[in-house]
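Visitor: My structure is below; once you've seen it, I'll send some questions.
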Amino acid sequence: MLIIKEIDQADRLLLRNICWLTWLAIAESLQLTILVIVVSQFILIKTPTFIQHLFPANLNDVRPERGILFYQIFVAVALLIAAVLIGIRYQRLRIDQISPSLKSFVLVVTSGLVSQLFAAFKWITSPALAWPKILFYFALVATIGCQIFLPELKAALSKAVQLWKASSFVQKQVIKLGMEIVFLLGLGFALFGLDMNKVLARDFAVDQFYHFDGFIMSSTWAWLQGCVPNVDVISQYSLLLPVIIGSIAKWMGGLSYLHVDEILMAMTGIYLLLAYTFMRSWLKNRLIAVFGILLFVKWNFFHWGVTPIIWMLPGVIPVRYIFDVAVLWLIFKDLKTPALLYRGSAALLCGLAMAYMVDTGLYLTAAFGAYVGLNIFLYWSSKDRLRRLIEAAVLLILAIGIWWIVWYSLVGPWIFIKTFWSNVTEHIALFLNGWGALPIYDGLKERNFFAFVMGLVIPIVYVATAMVTASMVFLKKAHQKWLLTTVMALYGLLIYHYFIIRSAVSSYYVVCLPFVFILCFWINEFIPTLKGKLRLRIQVALVGWAVVALFSNQLFVYYPNIFNLAGYDWKPEIQFYRQEFQFQKDAALIQKFSKPGEAAPLISSFETQILIDANRKPFFYYFPLITSRFMSAQLIGGTYVHTRARMIKTLNQLETAKPAYVFVEKRLFNHTLPERFYQYFQTVSLLMDYLHNQYTSYEEGQYLVALKRR
Amino acid sequence: MTFTINFCLLSWIVLATAMELLMVVVVIGQQLFPPASHLTSQIFPEFIDTLKPENETFYYRFFILSAFAMQLGALAILHRRLEEKSLTPSLKFRATAEALWLFFLVSVAFKIIVYQPRYQLALHGFVFLLIGCFLHKIFFHRCQIVLREARNFIEREANASALRTLLTVGSFLWIAAIIIIVNPQAVVARFFIGEQFHHNDSFIMGPVWVVASGLIPNWDVISQYGFGFPYIIERLVQWRGGVSYESVLSVMVTMTMLYYIGWFWLLRRWLNSIALALAVLTLGIKWQMFHPGVYPFVFTYGSTTPVRFIMDIFFFACLYRHLVTGKQYWFWVIGIIAGIQAWYLTSEGVYLTLAWWFYAGWLFIESVLANGWFQLKPWRYLVLAFMMPFVSAFILFFVSAKQAVFQPMFWANMQEFSRYFFSGFGVMPMTTNLTDREFGAALMGFLFPMVYVATIIVASILIYQKIVSRVALMAVILAVYGLGFYYYYVTRSTLTSYLVGSLPFAWIIGFWLKCLGQQWSKQWRRRIYLILLTGACYALLTTHLFIAYPNILNWSHNPCTDPLVAMPLKNGQPYFNHLFRDTPQGFKFNINVLGQANDGLQSEKDFSSDEALIEFYHQASDFHEDVALIQKYSSPGQRVPLVSSFEIRILMDAHRRPYFYYFPLIISRPMTMRSLAKTSIYTIDQLKKTTDTLEQDRPPYVFMEKIFMVRPLPDYFYQEYTSFLLLTDYILKHYEPMEGAQYLVVLKRKENV
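Heads up: the protein sequence lines correspond to chains A and B, in order. Under the working numbering, the first sequence has 45 at position 44, and the numbering climbs by one with no breaks. Under the working numbering, the second sequence has 312 at position 307, and the numbering climbs by one with no breaks.
Written out as structure tokens, the structure reads:
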């Protein structure tokens, strides 16, 4: 039987040394095998003679390769190097620790190998990308170079460290600040240094502005034309956002997709800057703040749910919950130095947030309410309990009051009418009844295990964090500032409803900011428990990992920024966009049969852009009415008339107003597409049947036809 | 510190209980209040897919609120005691129990989802666990007492001997229960309808029938994988009453069971721990027999079972004996076994030979280091050791193949398929798993050789430094053997094919666990090994392939057809007849050989039980009319040229020898299909060899499926069925139909052609 003796100190040293040397042997062997693989790429594999005798149907089964040779090289070289290394040091294995220089050598080889394998992994899994090849060859050359010039490299490094140590406090601060500015500028360029033609072209090519129109564009145009949101024209997501965007766009020279994209980007940029500065001020740790913001950017901007580009889906960018960081900051300030000013400002912002977007506003207000409530409970036994209760009630009234004031200023007396409220809640009611919902295990069925686990882990982390931090504060085992983390966790749980209802793969990243904050909080709490040098190393490693994770992300690589890491040719896409997205002739047709300021009943793809070009008001309450498809394609995208109630409302509008002219897409009205389209899209057929009964074709534009009422 | 520990434990218990409570609510909620939406009648049909009512928001809120409420309650009760050290042990125990329950519940919940649509069994398990979990909470203190007493009973030295005996006997029974198949007939019926015996015909049935009918493999008729194994199997099969699919399957199953029992015996002795030996053995069985690459059942692919490398148990058992006793004859027996394996099945014989040479080399170096380079004895031993596998293999070849071993053609035939393989035929690059985004499999695939190499290096030094006894050399030899075995994956890197040869890896894990275990106290070592054993058993028992395996532990009496356990294809399609279900219409005729306008393809749902499946198998494989036709036009002992699906089965029934070198010649498809078949002829040379034989021998009669005579055919048929059509064109040119039976027709050679 196997007998293992008791291990003493010398044996432990021996084991440690063996492990180092074995790993070095394996790593060097891997390195050499990689080198051989690279070289062999330039030597063609001789076609086996038997292939000439193979029947064509079997040719696909032949894949000559050198896998066996590489495998043999790896095994033989590893054993050989190990034999040599251990042979040289055999007598000293029990006595001396292997030298620090050899350890550094091993670390250099390992880091180089990890980089090469990572690049190779990306190269194999995404062969279309340009950067993995470059990184691979760079890492290969750098690893070999570093191994050869290791002493010189170490000398240079230690010189740099000495220089750093020798510099004064002010110099160090200036350098740190400089690096911070460089980082922020770099991140800014990476995220916002975009070629807008590419962004618009991609949005058009992939989505035909479907999400953009539904989220912001159509409602903004309607507001600019004097329509009352959710009274004249639906504004599904927000009442205030179209007003803000519309006003800025007007100031920029008029509403266009370009301007709206630019405004959204600017808002997002400000939000990110605010989130970064908040984290820096809250955690008092630059590196963790950098890590946090990089992680947030990677998760929020570049997850699979926002393929191919986040700006195509404005409903998932931070603009959706733009007020949260400010409110959290005010709570943080209040926890540091309690002041009604902070709490009042937070309540004011909560009110604005509700007016801005109902769901995220309510979540934020509830989180703020939880903060106020926790504060009351924390000081329940104090004398000013009543004052605190009254103050909480006032803050709540303030928040709701602001919300109502803002809405009143937007819709006027409509705010007191039931129709307005049923319009406001129409989409929420649909959503709560299962419209657009997805089960939480949806990802698991498609074997997206990681996404599924993350989807479950996030709320558990929130609950655990809220439980632990609040309990610790109440048991007086932690500083009261920890309540901020409790509020963040509660806010995270509330905003997570987004994922619970619509559990599409990785859509939890849309609302991941509280999770990032909490992660950074715990890391920041954990780091001081480590030994001196390890603290900095771990923080640098975290930042390094986040940078690599961001820059190697497939979506980031194809992101149309100045880096163009994918080396993708955008010209055909841009050209296609410019060709297809031209509606002047149809806009002229509308102008011909309608007066300025008049609502134009338009049933067409890209109705928002056509109405902007024609400078006409939308007619239908459900605007956009049609899901856009390329005008030149033989396709129909359907309508936004999801329910029978919506159809009745739309037809009633036509029947009541009896507009003299209606403008409709030819392919819809003339029935030129295959019959299956009209059978499948019943809503289109119903609308067209009505038009065929009541209207007659009058004049044609490029894609549209003007119909005159019979 | 005490406060922090107690607080963390308490929070964990609360969180885990909240999750368990949530699971109860979900189960009850889904049963009593299935999600519904009043919008269903309001929505236009084109949007109906967008409507998916659910109760998840309620569950989510319930979880949050229950966790907070329980935390509040727990703190209200215990907050004064959180500083007490005496609270920690009971909290620890409860926290561990909650962790275990939660682990099991989450793991089964996970299975419910990934086993879709065959989740029913997992659902039963989930409900059972959930009830157990809450009963455990109610009777917590009683359970605690029972567990403590059980632990004391296990750890009492007086009970050790009896428990060891019990565990050993239980282990043998456990291995037998895992592997033995209850109803071999049903399994064979599934081979027949599942993949028409495709893999086993070429691996084992063809060569065994060749040997049984007195022909020589790779001389008269091909034996693609190796030379000797058909002789062994044939001999064993004869003891069981003659060659048949059922008897060959039973022999394979028995060999596999004995192989694993053998390894258990060896591991138990080597690692000196029954629990550890059984843990790694269970892990080995799980990897080797129940990985996705052998869907739906490992014996469907006989070449991936231990039948392929059965000699390694003898090799390592002798190696162990040599290491323990140092007796010379064990040393030579090892070399002989390497040679026997080379005769038995070539590739694994080569790997064992490499392992043997490594061992001999090791002993040689030891000897010269001790006695100097100029002693004759070590050199003599080295040369002899080098020769030993060749000699033993050659003797066996000579005994079985006689004069053929002196013919170059015999050796060329022996190498034919490995030559194709090494030239890239059927090869898959090692990056396949990465490009298919099977990252777990890819990582494991790359990890194997690293562990082997590291084991060779580290274990060698540990032996030389006398930290471990020389018996550890077995780990080094296992690693060398594992490196050889890994060629299987290097050349054909499909999904989990590295697990086919994963046993050395599992045994090496056992070795390292043993080394690690020596650093723990005896009590902890025993506990950890038992935990590992439980973990391995749990992993095995919850593997879907194991649940579907038709052994005595199967939950169903009809494991081959019962949807509760039988697995469909990954895409949810039926497994039965899956190879031919998607044959394009363009390659089908209007009617089949029986004049029916369909293919008569059945699926699992067409059978109410395994007995019904067996009944169908008996009917569909009843070729008595065709057998009678063959017997009418050929004499006993004659080689019969038969071009038909299920040619092995037909020839076995007719008691006739195969004629063609490439046997089976036709890749079988259901006889009732309205299509042609493909052949196992891949090159022009192979086709020429086949037609040349016909041309030289000019057999008076050739038997062929009736439907193969359909002519003319469109040109695109010749692209798809090239070798088949060229061969049958030759037959139709030189032969004319004479008499038909159910599926076959006999063709007579034309005069003057």
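The C-beta atom is built at its ideal place from N, Cα and C for all residues, glycine as well.
(1) Can you name the start and end residues of the alpha helix (DSSP H) that serine 16(B) belongs to?
(2) Please name the residues in the region 520-532 of chain B whose beta-carbon is closer than 7 Å to at least one beta-carbon of chain A, in chain order.
(3) Could you check how far apart the C-beta atoms of serine 650(B) and glutamine 201(B) are, in whole angstroms? I think they sit under 8 Å.
(4) Quick one: give me the first and last residue of the beta strand (DSSP E) that phenylalanine 708(B) is part of.
(5) I want to verify the contact list: residues of chain A whose CB lies under 7 Å from the CB of isoleucine 461(B), in sequence order.
(6) Return the chain-ordered list of same chain residues with a C-beta closer than 7 Å to the C-beta of valine 174(B), the five sequence neighbours on each side being excluded.
(7) Where does proline 94(B) fall in DSSP's three states?
(8) Can you find the residues in the same chain that come closer than 6 Å, C-beta to C-beta, to alanine 544(B), ignoring five residues on each side of it along the sequence?
(9) According to the neighbour-count rule (16 or more other Cβ atoms, all chains shown, within 10 Å of its Cβ), is phenylalanine 43(A) buried or exposed?
(10) Within 10 Å of its beta-carbon, does serine 207(B) have 16 or more other beta-carbons around it, so buried, or fewer, so exposed?
(11) Within the same chain, show all residues whose beta-carbon is closer than 6 Å to that of alanine 206(A), passing over the 5 residues directly before and after it, in chain order.
(12) Since alanine 707(A) is in the beta strand (DSSP E), which residue starts that stretch and which ends it?
(13) Examine chain A for any beta-carbon lying closer than 7 Å to the beta-carbon of aspartate 690(B), and answer yes or no.
(14) Taking the alpha-carbon positions, what's the isoleucine 689(B) to phenylalanine 119(A) distance?
(15) If you check the beta carbons only, do alanine 127(B) and lysine 116(B) fall under 7 Å apart?
(16) How big is the Cα-Cα spacing for tyrosine 364(A) and leucine 495(A)?
(17) Would you kindly work out how many angstroms separate the C-alpha atoms of aspartate 587(B) and tryptophan 300(A), rounded to a whole number?
(18) Counting contacts by CB-CB distance shorter than 7 Å, is isoleucine 246(A) in contact with chain B?
(19) Can you tell which of Arg281(A), Pro625(A), Gln98(A), Pro101(A) has its C-alpha closest to the C-alpha of phenylalanine 333(A)?
(20) Which of the three DSSP states, helix, strand or coil, is assigned to lysine 659(A)?
(21) Assuming alanine 567(A) and alanine 28(A) are in contact, meaning their beta carbons sit under 8 Å apart, how far apart are those beta carbons, in whole angstroms?
(22) Tell me tyrosine 560(A)'s beta-bridge partners as DSSP assigns them.
(23) May I ask you to report which of helix, strand or coil DSSP gives asparagine 694(A)?
(24) Near threonine 310(B), which residues of its chain fall below 7 Å by C-beta distance, leaving aside the five closest residues on each side in sequence?
(25) On the criterion of 16 or more Cβ atoms from any shown chain inside 10 Å, does methionine 24(B) qualify as buried, or is it exposed?
(26) My parser needs the alpha helix (DSSP H) runs of 4 or more residues fully inside the region 205-267 of chain B; what are they?
(27) Could you check where the beta strand (DSSP E) with valine 751(B) kicks off and where it finishes?
(28) Compute the Euclidean distance between the alpha carbons of lysine 482(A) and isoleucine 519(A), then round it to the nearest angstrom.
(29) Report yes if the C-beta distance between leucine 674(A) and glutamine 635(A) is below 7 Å; otherwise report no.
(30) My output table needs one value for isoleucine 229(A): the three-state DSSP class, helix, strand or coil.
(31) Measuring only between beta-carbons, confirm whether glutamate 61(B) sits less than 7 Å from chain A.
(32) So which residues on chain A does tyrosine 425(B) lean against when the C-beta distance must stay under 8 Å?
(33) Please name the residue or residues paired with asparagine 556(B) in a DSSP beta bridge.
(34) Where threonine 695(B) and proline 669(B) are concerned, what is the direct C-alpha to C-alpha distance, given to the nearest angstrom?
(35) Does the structure place the region 732-752 of chain B close enough to the region 697-707 of chain B that three or more beta carbon pairs sit under 8 Å?
(36) Between the Cα of glycine 435(A) and the Cα atoms of Thr45(B), Thr501(B), Gln35(B), which residue gives the shortest distance?
Guide: Concretely, from the data shown:
(1) As a working mapping, residue 16(B) is identified with position 11 in the second sequence. Looking at the DSSP string, the run of the alpha helix (DSSP H) that includes serine 16(B) is 7-37.
(2) Close to chain A, meaning a Cβ-Cβ distance shorter than 7 Å, are the following residues of the region 520-532 of chain B: Cys520, Gln523, Gln524.
(3) The residue you call residue 650(B) lines up with position 645 of the second sequence. The residue you call residue 201(B) lines up with position 196 of the second sequence. Their Cβ separation, rounded to whole angstroms, is 7 Å, which keeps serine 650(B) and glutamine 201(B) in contact under 8 Å.
(4) Your numbering for residue 708(B) matches position 703 in the second sequence. Counting along the chain, the unbroken beta strand (DSSP E) around phenylalanine 708(B) starts and ends at 706-710.
(5) The count along the second sequence starts at 1 and reaches residue 461(B) at position 456. Neighbours of isoleucine 461(B) on chain A, chain order: Leu80.
(6) Position 169 of the second sequence, counted from the start, is the residue given in the question as residue 174(B). Around valine 174(B): no qualifying Cβ.
(7) As a first step, residue 94(B) is located in the second sequence; it is residue number 89 there, counting from the start. Proline 94(B): helix per DSSP, three-state reduction.
(8) Numbered from 1 along the second sequence, position 539 holds the residue referred to as residue 544(B). Excluding residues within five positions, the ones whose Cβ falls inside 6 Å are Lys291.
(9) Position 42 of the first sequence, counting from 1, holds the residue named residue 43(A). Exposed: under 16 other Cβ atoms inside 10 Å.
(10) Numbered from its first residue, the second sequence carries residue 207(B) at position 202. So serine 207(B) ends up on the buried side.
(11) One-based indexing of the first sequence puts residue 206(A) at position 205. Cβ within range, chain order: Glu574.
(12) As a working note, residue 707(A) is residue 706 in the first sequence. Looking at the DSSP string, the run of the beta strand (DSSP E) that includes alanine 707(A) is 705-710.
(13) Here residue 690(B) refers to the residue found at position 685 of the second sequence. By this cut-off, aspartate 690(B) is an interface position.
(14) Sequence index remark: in the second sequence, residue 689(B) carries index 684 (1-based). Sequence index remark: in the first sequence, residue 119(A) carries index 118 (1-based). So the two alpha carbons sit approximately 44 Å from each other.
(15) Position 122 of the second sequence holds residue 127(B). Position 111 of the second sequence holds residue 116(B). Against a cut-off of 7 Å, the Cβ pair of lysine 116(B) and alanine 127(B) comes out as a contact.
(16) As a working note, residue 364(A) is residue 363 in the first sequence. As a working note, residue 495(A) is residue 494 in the first sequence. Approximately 6 Å between the Cα atoms of the pair.
(17) As a position in the second sequence, residue 587(B) is number 582, starting the count at 1. As a position in the first sequence, residue 300(A) is number 299, starting the count at 1. Cα to Cα, the separation comes out at about 42 Å.
(18) In the first sequence, residue 246(A) corresponds to position 245, counting from 1. Under the 7 Å criterion on CB atoms, isoleucine 246(A) is classed as non-interfacial with respect to chain B.
(19) Looking up residue 333(A) in the first sequence gives position 332. Ranking the options by Cα distance to phenylalanine 333(A), first place goes to Arg281(A).
(20) Looking up residue 659(A) in the first sequence gives position 658. In this structure, lysine 659(A) counts as coil in the three-state DSSP scheme.
(21) Taking the first residue of the first sequence as position 1, residue 567(A) is located at position 566. Taking the first residue of the first sequence as position 1, residue 28(A) is located at position 27. Going by Cβ atoms, the distance from alanine 567(A) to alanine 28(A) rounds to 31 Å, so no, they are not a contact pair.
(22) Locating residue 560(A) in the first sequence gives position 559, counting from the first residue. Per DSSP, none; premise fails for tyrosine 560(A).
(23) Working through the first sequence from its first residue, we reach residue 694(A) at position 693. Here asparagine 694(A) sits in helix by DSSP.
(24) What you label residue 310(B) is simply residue 305 of the second sequence in a count that begins at 1. Correct list, in chain order: Met257, Thr261, Val303, Phe304.
(25) Residue 24(B) sits at position 19 when you count from the first residue of the second sequence. The residue in question, methionine 24(B), is buried, as its Cβ has 16 or more Cβ neighbours within 10 Å.
(26) 211-217, 234-244
(27) The residue you call residue 751(B) lines up with position 746 of the second sequence. Its beta strand (DSSP E) spans residues 749-754.
(28) By 1-based counting over the first sequence, the position of residue 482(A) is 481. By 1-based counting over the first sequence, the position of residue 519(A) is 518. Each residue's alpha carbon lies about 13 Å from the other.
(29) Position 673 of the first sequence, counted from the start, is the residue given in the question as residue 674(A). Position 634 of the first sequence, counted from the start, is the residue given in the question as residue 635(A). Closer than 7 Å, so yes.
(30) As a position in the first sequence, residue 229(A) is number 228, starting the count at 1. Isoleucine is not the amino acid found at residue 229(A); the sequence shown has valine there. DSSP places valine 229(A) in coil when its eight states are reduced to three.
(31) Along the second sequence, one-based indexing puts residue 61(B) at 56. At least one chain A Cβ lies under 7 Å of glutamate 61(B).
(32) For the purposes of this step, residue 425(B) is taken as residue 420 along the second sequence, with counting starting at 1. Per Cβ cutoff of 8 Å: Phe51.
(33) The sequence position of residue 556(B) within the second sequence is 551, counting from 1. Its beta-bridge partners are Ile186(B).
(34) Residue numbering aside, residue 695(B) sits at position 690 when the second sequence is read from its first letter. Residue numbering aside, residue 669(B) sits at position 664 when the second sequence is read from its first letter. Taking C-alpha positions only, threonine 695(B) is separated from proline 669(B) by approximately 12 Å.
(35) yes
(36) For this step, residue 435(A) is matched to residue 434 along the first sequence. That would be Thr45(B), whose Cα lies nearest to the Cα of glycine 435(A).
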